[in-house]
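Under the working numbering, the residue at position 161 of the sequence shown is numbered 274, and the numbers go up by one with no gaps.
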Amino acid sequence: MTATETRACINGCSLYRQHLTDCTGDGCRGCLPTRARHGLLCDNCYRRLELMLTDAPIVHRWLGGNMAASTTQHLDPDGPAPSRHRTKGDESPAPLNVGILDTRQLLADRLAIWVDHHCEEVKVTGPDEHTPANDAAHLIRWLPSIACWDIVSDWMEELAETMRDAHQLAPWRPITRRIPGIPCPGENCGETNLAIYGGDTDVTCLSCRTTINERAFGLWEQIVLNREAS
Ligand SMILES: [Zn+2]
Ligand SMILES: [Zn+2]
Ligand SMILES: [Zn+2]
């Protein structure tokens with residue numbers, strides 16, 4: 114490896130339809146490793162981690178409002194946390210959903226542990242108090258340097274797993290929503306296979322896994338529509 118070459122993304126991401134020289138391409142959707150551009154992470158992974166950390170405190174609050182086992186409503190991510198007092202009249206209160214309680218605690222614990230680990234390693238002061246909001250803000254602030262640590266891959270996997278569990282226990286967006294008629298802006302792709310995953314605000318290409326944030330997608334959509342109109 115020369116000094117100018119970057120490493121491959123630590124999460125083993127690869128480029129869609131781009132192959133290593135010894136790959137025959139048969140049944141391979143792409144095997145050329147994606148370059149790490151933020152510490153050890155590729156663009157997509159970095160963005161995903163940042164987004165998960167941004168969402169984590171909202172999800173924590175959302176789970177708090179869903180601890181009563183009978184609640185079935187869906188989350189407005191911008192709105193206030195839903196009330197947990199969902200039982201009416203003189204019905205006995207719904208039992209607490211232990212799975213939600215555990216996942217909520219695990220989410221808070223993971224963020225707190227990572228903040229402590231980071232503060233100890235690099236000798237910086239953490240937030241005054243461990244809360245999911247404080248801890249996530251700390252991790253986002255230090256994300257450019259945290260992304261250079263090997264452990265970032267484990268943290269990312271753990272956070273993704275907890276967020277997935279949370280979404281399964283108390284879905285805040287019922288389903289993945291397809292976006293018809295707009296091709297993927299990703300390099301080497303261009304397939305019309307875009308969707309917004311349940312719980313995400315980013316648009317994801319289901320073919321090449323490129324993620325596009327809301328604002329960039331709005332712009333891209335406009336470009337495509339203008340092109341069609343002309
Ligand atoms: Zn290949
Ligand atoms: Zn990656
Ligand atoms: Zn694509």
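The C-beta atom is built at its ideal place from N, Cα and C for all residues, glycine as well.
Write down every uninterrupted run of the beta strand (DSSP E) in the segment 294-323 whose length is 3 residues or greater and which is fully enclosed by it, in chain order.
Those beta strand (DSSP E) runs which fall completely within the segment 294-323 and span 3+ residues are 307-309 and 316-318.
Do Leu256 and Glu163 come within 8 Å of each other at the CB atom, strictly closer than that value?
Yes, these two residues count as a Cβ contact at 8 Å.
Going by other Cβ atoms of all chains shown within 10 Å of its Cβ, with 16 needed for buried, is Ile123 buried or exposed?
buried
Exercise answer, beta-carbon shell around ligand 2 heavy atoms below 5 Å
Cys122, Asn124, Cys126, Cys155 and Cys158
Using CA coordinates, which residue listed in Ser343, Gly143, His251 and Gly178 is at the minimum distance from Cys232?
Answer by Cα proximity: His251.
Between Leu272 and Ile264, what straight-line distance do the alpha-carbon atoms span, to the nearest angstrom?
When the Cα atoms are used, Leu272 and Ile264 turn out to be separated by approximately 12 Å.
Secondary structure at Leu145, three-state DSSP: helix, strand or coil?
strand
Report all residues from its chain with a CB closer than 7 Å to the CB of His132; omit the five preceding and five following residues, and keep chain order.
Gly138, Cys141, Gly143, Cys144 and Leu145
Cα separation between Leu214 and Arg223?
14 Å
Tell me whether the beta-carbon of Arg290 lies closer than 8 Å to the beta-carbon of Ala308.
yes
Do Ala283 and Leu176 come within 8 Å of each other at the CB atom, strictly closer than that value?
yes
For Ile264, three-class secondary structure by DSSP:
coil
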